[in-house]
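Undergrad:
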Amino acid sequence: MPKAVKLLIGLALALAAGWISHGPLGRGQALVDGLEARARAGVAKADLPGIAVRLGRDPLSRHATLSGPANDLQREGLGSQMGVSDYVRAVEGIGTVRWADEPAPRILPLLAETLLLAALAYLIGLGLGWLLWGRRRRDGFA
Amino acid sequence: MLNLAQNNLILLVVALLIGLAVALWVFRSTSAGRGARPGRRGDGPEGNALHDEFAAATQDVAGEILGVDAHPDIPGPSGPPDNLQRLKGVGPKLASQLNEFGITRYDQLAGLTETEVALLDRRMGAFEGRIARDRLVEQACYLERGDIDGFEARFGKLGGD
C-alpha cells in the first residue's frame, strides 16, 4: 500500500475520532454549555439588567453574542473601567464577542476547531513516530 | 484554544496514538524493505536478525579494542565446492582468495551478513571492496537457489562451468 494512502487513512481515523468526540460523545455541547454559563457569570459582574449572552449553537461555536439595552460606554467600557464585552472576553475559552446589532463576523465552528486539533495531534504523533522509527540509520561499518 | 485542548484531552491522546501507530506502520515497513537484499533467501547460517548483526558488530568492535584480528565466523562448506568464477567479477585470484577464507560454495557467500561482508572485506587485500562492488552476495543468492533466469535477468548471461 502506498505510503500516502497509509498516512491519509491515519488522518481520516484521527478526524473521525474528533467528530465522535465532538458530536456523539457530546464534548462540543458540554464545552459550549460551560462557556455560556461562565459568560453569563461575567455579564452578571457588569451589573446591568436585561443583558443576555449566548454562544453559537447552530453550528456550535465559541463565539459569544450579547444582546440587551446598553450604550457604547456600558458595552465597551472606558479606560480601566470594563464594559460588558470585556467581562465576557475575560472568560477563558471564549473566542470572539459581538453585540447582536453588529454585523456578524466570520467564525470558525467548534467542530472545525476540534478537527484541526485532532489533525495537529495526529501530525505530532507522526512526527514522534518518525523520530523513533523513520530516521535513516547509518550502518556502523559503512 | 487551551480550553478547547483541555476539553478534548482524550481526543488529543487518541489522535497522537493514531499518529504513532501510522508512523510505525509506514516507517517500520519502509526501513524493513530498505534493508532487504533482493534475491536473498531466508536467514543465513548465523541468521540475519538484529541480535545477530549486533553480535557480529560487537565482535568487530571488541576485536579492535583488544587488538586482535576479528573475523567473520564462516561456517564450513556443506558440500562439494562450487565454481565461484561463474560469479560476475570473480576471476581465478579472487576465487582463490575466497577459498582461503573457507568460502567454496555459493550458499556460504549468500549467507554472509552485511557485518560479515565488512569484516571479510578488510582482509581481502587488493580485492577490498569487490564483494560489495560486484554484488557477489546477491549473485550467490541466485546461484545457490539455482535461479539462473533470475541471475541472468539481473546480471547478464551466466558464464560456463
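Line by line, the protein sequences are chains A and B.
In terms of our numbering, the first sequence opens at residue 413 and continues consecutively.
In terms of our numbering, the second sequence opens at residue 37 and continues consecutively.
Note that CB positions come from ideal geometry on N, CA and C, so glycine has one too.
(1) In the DSSP assignment, find the alpha helix (DSSP H) that holds Val126(B) and state where it starts and stops.
(2) Using DSSP's beta-bridge definition, name the partner residues of Ser479(A).
(3) Do the stretch 150–169 of chain B and the stretch 116–124 of chain B meet, that is, are 3 or more Cβ pairs less than 8 Å apart?
(4) Counting only Cβ pairs nearer than 8 Å, list the residues of chain D close to Ile54(B).
(5) Closer than 7 Å, CB to CB, is Ser479(A) near chain B or not?
(6) Less than 8 Å between the CB atoms is what I'm expecting for Val417(A) and Gly454(A), so what's the real figure, rounded?
(7) Can you tell me which residues form a DSSP beta bridge with Val509(A)?
(8) Between the stretch 468–478 of chain A and the stretch 527–545 of chain A, can you find at least three pairs of beta-carbon atoms closer than 8 Å?
(9) Beta-carbon of Ser433(A) versus every beta-carbon of chain B: anything under 7 Å?
(10) Let me make sure I understand the geometry here. Which of Val62(B), Asn135(B), Arg159(B), Leu179(B) has the alpha-carbon closest to that of Ile421(A)?
(11) With a CB to CB cut of under 7 Å and the five nearest residues on each side skipped, what residues in its chain are close to Leu145(B)?
(12) Measuring CA to CA, which of Ile463(A), Asp459(A), Gly462(A), Leu419(A) is closest to Leu56(B)?
(13) If Leu443(A) and Leu522(A) are in contact, beta carbons under 8 Å, what's the gap, nearest whole angstrom?
(14) Does the CB of Glu525(A) have a neighbour CB from chain B at under 7 Å?
(15) Would you say Val496(A) and Ala464(A) are within 7 Å of each other, going by their C-beta atoms?
(16) When DSSP labels each residue in this structure, what does Arg452(A) get in the three-state scheme?
(17) Out of curiosity, what's the CA-to-CA distance linking Gln133(B) and Ile184(B)?
(18) Count the other CB atoms, across all protein chains shown, that sit within 10 Å of the CB of Arg518(A); report buried if there are 16 or more and exposed otherwise.
TA: Inspection of the coordinates gives the following:
(1) Looking at the DSSP string, Val126(B) is not in any alpha helix (DSSP H), and its letter there is neither H nor E.
(2) Ala464(A)
(3) no
(4) Here the protein chains are A and B, and chain D is not one of them.
(5) no
(6) Val417(A) to Gly454(A), Cβ: 48 Å. No contact.
(7) Ala476(A)
(8) no
(9) yes
(10) Val62(B)
(11) Ile139, Leu172, Val173, Ala176
(12) Leu419(A)
(13) 7 Å
(14) yes
(15) no
(16) helix
(17) 25 Å
(18) exposed
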